[in-house]
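Enquirer: Heads up: the sequence lines are chains Y and C, in that order. UniProt numbering applies: residue 1 is where the first sequence begins, and numbers increase by one. UniProt numbering applies: residue 1 is where the second sequence begins, and numbers increase by one. Sharing a structure with you now.
2 protein chains.
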Amino acid sequence: MSKYPAIKATLKERLLSSAYPENEPLPSEPQLAREFGVSRMTARRALDELDREGYVYRVQGAGTYPSGKRFQQGTFQVRLFADWSRHPDKRVEVLRAERLLATPDIAAVLHLQPGDPVMFVHRLRADKTDPVVIEKRYVDAEVLPDLLEHDLVSVSVHDLLASQTRVPLTRVEQHLETVNLRQEEAQLLRVPLGTAAFLMRRTVYSSERRVSYVNYWIRSDRFTFQERFTP
Amino acid sequence: MSKYPAIKATLKERLLSSAYPENEPLPSEPQLAREFGVSRMTARRALDELDREGYVYRVQGAGTYPSGKRFQQGTFQVRLFADWSRHPDKRVEVLRAERLLATPDIAAVLHLQPGDPVMFVHRLRADKTDPVVIEKRYVDAEVLPDLLEHDLVSVSVHDLLASQTRVPLTRVEQHLETVNLRQEEAQLLRVPLGTAAFLMRRTVYSSERRVSYVNYWIRSDRFTFQERFTP
DNA sequence: TAGTGGTCTAGACCACTGC
DNA sequence: CAGTGGTCTAGACCACTAC
Numbered sequence: 001m002s003k004y005p006a007i008k009a010t011l012k013e014r015l016l017s018s019a020y021p022e023n024e025p026l027p028s029e030p031q032l033a034r035e036f037g038v039s040r041m042t043a044r045r046a047l048d049e050l051d052r053e054g055y056v057y058r059v060q061g062a063g064t065y066p067s068g069k070r071f072q073q074g075t076f077q078v079r080l081f082a083d084w085s086r087h088p089d090k091r092v093e094v095l096r097a098e099r100l101l102a103t104p105d106i107a108a109v110l111h112l113q114p115g116d117p118v119m120f121v122h123r124l125r126a127d128k129t130d131p132v133v134i135e136k137r138y139v140d141a142e143v144l145p146d147l148l149e150h151d152l153v154s155v156s157v158h159d160l161l162a163s164q165t166r167v168p169l170t171r172v173e174q175h176l177e178t179v180n181l182r183q184e185e186a187q188l189l190r191v192p193l194g195t196a197a198f199l200m201r202r203t204v205y206s207s208e209r210r211v212s213y214v215n216y217w218i219r220s221d222r223f224t225f226q227e228r229f230t231p
Numbered sequence: 001m002s003k004y005p006a007i008k009a010t011l012k013e014r015l016l017s018s019a020y021p022e023n024e025p026l027p028s029e030p031q032l033a034r035e036f037g038v039s040r041m042t043a044r045r046a047l048d049e050l051d052r053e054g055y056v057y058r059v060q061g062a063g064t065y066p067s068g069k070r071f072q073q074g075t076f077q078v079r080l081f082a083d084w085s086r087h088p089d090k091r092v093e094v095l096r097a098e099r100l101l102a103t104p105d106i107a108a109v110l111h112l113q114p115g116d117p118v119m120f121v122h123r124l125r126a127d128k129t130d131p132v133v134i135e136k137r138y139v140d141a142e143v144l145p146d147l148l149e150h151d152l153v154s155v156s157v158h159d160l161l162a163s164q165t166r167v168p169l170t171r172v173e174q175h176l177e178t179v180n181l182r183q184e185e186a187q188l189l190r191v192p193l194g195t196a197a198f199l200m201r202r203t204v205y206s207s208e209r210r211v212s213y214v215n216y217w218i219r220s221d222r223f224t225f226q227e228r229f230t231p
């Protein structure tokens, strides 16, 4: 019926069959508009959705590129859901916050050298009295040397990173896995050893430099990821 | 700089402060365009993003409504990731597929009466030789009475539902949780009892009628959910 | 039937990229 | 510099909802 879904479907087919070479831009928006006999805005709408669904990415001034086939299927939207209406109180406890020298493990995830200075923040988020989320974060100390001077009970480290202008953030990557909680995490979250929980790992980049690496352990009985859409 | 982010931010503030009553439409797109001194398309773009992020929903012909405050924060986009490049083979095994009468449990999730006929499909998806996903699905038998006549090794039940026109699908809701696998699931997935896995529960609606309910148990060592965005 | 959101057009100017 | 994507306008017609 309407035009852009047809254009989107055609482009998706071409992308999945590798009709457009990787590392090369797709035809430009005006070209695609001409090919399909629509206005630029209509062609653009199809590209918009393919971009959001991860099939292509765009670089202003350069072009629109295929994303490659690392990903199995389209994306979907989730939101972290919590029944805050019953327990609207939130509390943050700072377990540790210090400047330390990177161990080989930490150096690896931040692409630093072992011994480089790193800011470490270990916090526990609770909902009224129940602990819900454990946060362990490592930040390149050069990027946020004054981290410890802030009130870590109320401040968002990501907001601090975003507000400092010396090292502009360019990209966030995160993975959602599920793990059996080990002794340390289970005790903090006050659940039995081995309980299943979400583990979200997030890396923040400034171009190719890794600025921050954080792990969140999330109690699954208090949070779920929800989605609702129309087919 | 550009206009629609400012409009979006203003509307988001109003929504979070409940300036717009729930169950009542927001001002219409032409009204908002006049209020902010922009064209309708620009106001619409702000609403588009608020819709995608779950702050409002739209009903054609009726209006744009606040979504309510059940949700903690904005949404984010994830994609199910699997390293298919190493094991491109996929296999589906049908463990059970039959028509049965709803037990009270099944009747509850599909909003049927106990004893109503239900189609049940139990499948195992494998990646070359390793089992990866368990599927247990219940479909209202009135909606898809001929389900068993299809080749359940190759067919997508959701596609069948979507292609039959008698009961048009209107909504999908899904939740992502994490669980410790019980004996039955652990054996099928060939992992130790109690291993953490994703559990995705999905309900498909035709207006308010529940058409299909499915649980997927997903091995977390083979699938993760990934996201990549620019802040 | 009046008003809503859904789609589409044919322009326009801008910021940014690559050469 | 020419070409790209990002934004914006002022119209238009349509499908749908509510009354």
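For each residue, glycine too, the CB sits at the ideal point set by N, CA and C.
Assign residue 67 of chain C to one of three DSSP states: helix, strand, or coil.
Expert: In this structure, residue 67 of chain C counts as coil in the three-state DSSP scheme.
Enquirer: Assess contact between the stretch 52 to 70 of chain C and the stretch 18 to 31 of chain C, defined as three or more Cβ pairs (one per stretch) separated by less than 8 angstroms. Is contact present?
Expert: Because the criterion of three Cβ pairs below 8 angstroms is met, the stretch 52 to 70 of chain C and the stretch 18 to 31 of chain C touch.
Enquirer: Just how far apart, CA to CA, sit residue 198 of chain Y and residue 113 of chain C?
Expert: Cα to Cα, residue 198 of chain Y sits roughly 35 angstroms from residue 113 of chain C.
Enquirer: Taking 9 angstroms as the cut-off, decide whether the C-beta atoms of residue 179 of chain Y and residue 219 of chain Y are in contact.
Expert: Against a cut-off of 9 angstroms, the Cβ pair of residue 219 of chain Y and residue 179 of chain Y comes out as no contact.
Enquirer: Provide the residue span of the alpha helix (DSSP H) that contains residue 104 of chain Y, from first to last.
Expert: Element bounds for residue 104 of chain Y: 104 to 110.
Enquirer: Taking the alpha-carbon positions, what's the residue 7 of chain Y to residue 51 of chain Y distance?
Expert: Those two C-alpha atoms are separated by around 14 angstroms.
Enquirer: Which of helix, strand or coil does DSSP assign to residue 81 of chain Y?
Expert: The predicted position of residue 81 of chain Y is uncertain, since its pLDDT is 48 and thus under 50; no value can be drawn from it.
Enquirer: Assign residue 195 of chain Y to buried or exposed, taking buried as 16 or more other Cβ atoms, counted over all protein chains shown, within 10 Å of its Cβ.
Expert: Burial call: buried.
Enquirer: Output, in chain order, the set of chain Y residues within a Cβ distance shorter than 9 angstroms of residue 38 of chain C.
Expert: Under the 9 angstroms cutoff, chain Y gives no residues; its nearest Cβ is about 16 angstroms from residue 38 of chain C.
Enquirer: So which residues on chain C does residue 220 of chain Y lean against when the C-beta distance must stay under 7 angstroms?
Expert: Here the neighbours are 177, 178.
Enquirer: Could you work out which residues of chain C lie near residue 120 of chain Y, taking near to mean beta carbons separated by less than 7 angstroms?
Expert: Ordered by position in chain C, no residue passes the 7 angstroms Cβ test against residue 120 of chain Y, which lies about 22 angstroms from the chain.
Enquirer: By how many angstroms is the C-alpha of residue 48 of chain C removed from the C-alpha of residue 33 of chain C?
Expert: Rounded to the nearest angstrom, the two C-alpha atoms are 14 angstroms apart.
Enquirer: Under DSSP, the alpha helix (DSSP H) around residue 272 of chain Y begins and ends at which residues?
Expert: Only positions 1 to 231 of chain Y appear in the structure, and residue 272 of chain Y is not among them; the question remains open.
Enquirer: Jot down the residue ranges of each uninterrupted alpha helix (DSSP H) in the stretch 119 to 165 of chain Y, minimum 4 residues, whole runs only, in chain order.
Expert: Those alpha helix (DSSP H) runs which fall completely within the stretch 119 to 165 of chain Y and span 4+ residues are 157 to 163.
Enquirer: For residue 41 of chain C, is the classification buried or exposed, using 16 other Cβ atoms within 10 angstroms of its Cβ as the cut-off for buried?
Expert: By the 10 Å Cβ count, residue 41 of chain C comes out exposed.
Enquirer: From the beta carbon of residue 42 of chain Y, is the nearest beta carbon of chain C less than 9 angstroms away?
Expert: So, not an interface residue.
Enquirer: Residues in the stretch 172 to 201 of chain C with C-beta within 8 angstroms of chain Y's C-beta atoms, listed in sequence order?
Expert: Within the stretch 172 to 201 of chain C, the residues whose Cβ lies closer than 8 angstroms to some Cβ of chain Y are 172, 173, 174, 175, 176, 177, 178, 179, 180, 194, 195, 196, 197, 198, listed in chain order.
Enquirer: Got a sec, what are the start and stop residues for the beta strand (DSSP E) residue 200 of chain Y sits in?
Expert: Start and end: 196 to 206.
Enquirer: What are the partner residues of residue 178 of chain Y, as DSSP defines its beta bridges?
Expert: Note: residue 178 of chain Y sits in a beta bridge opposite Y:198.
Enquirer: According to the neighbour-count rule (16 or more other Cβ atoms, all chains shown, within 10 Å of its Cβ), is residue 131 of chain Y buried or exposed?
Expert: It is buried - the Cβ of residue 131 of chain Y has at least 16 other Cβ atoms within 10 Å.
Enquirer: At the level of alpha carbons, what is the spacing between residue 145 of chain C and residue 106 of chain C?
Expert: Their Cα atoms are separated by approximately 17 angstroms.
Enquirer: Buried or exposed: which applies to residue 153 of chain Y, given that a residue is buried once 16 or more other Cβ atoms fall within 10 Å of its Cβ?
Expert: The residue in question, residue 153 of chain Y, is exposed, as its Cβ has fewer than 16 Cβ neighbours within 10 Å.
Enquirer: Rounded to whole angstroms, how far is the Cβ of residue 217 of chain C from the Cβ of residue 133 of chain C, which I believe are closer than 8 angstroms?
Expert: Going by Cβ atoms, the distance from residue 217 of chain C to residue 133 of chain C rounds to 7 angstroms, so yes, they are a contact pair.
Enquirer: My understanding is that residue 200 of chain Y touches residue 181 of chain Y, with C-beta atoms under 8 angstroms, so please give their C-beta distance in whole angstroms.
Expert: That belief does not hold up - the Cβ atoms of residue 200 of chain Y and residue 181 of chain Y are roughly 14 angstroms apart, past 8 angstroms.
Enquirer: Just checking residue 186 of chain Y against the ligand ZN - is the residue's beta carbon closer than 8 angstroms to any of the ligand's heavy atoms?
Expert: This structure lacks the ligand ZN, and indeed carries no ligand of any kind.
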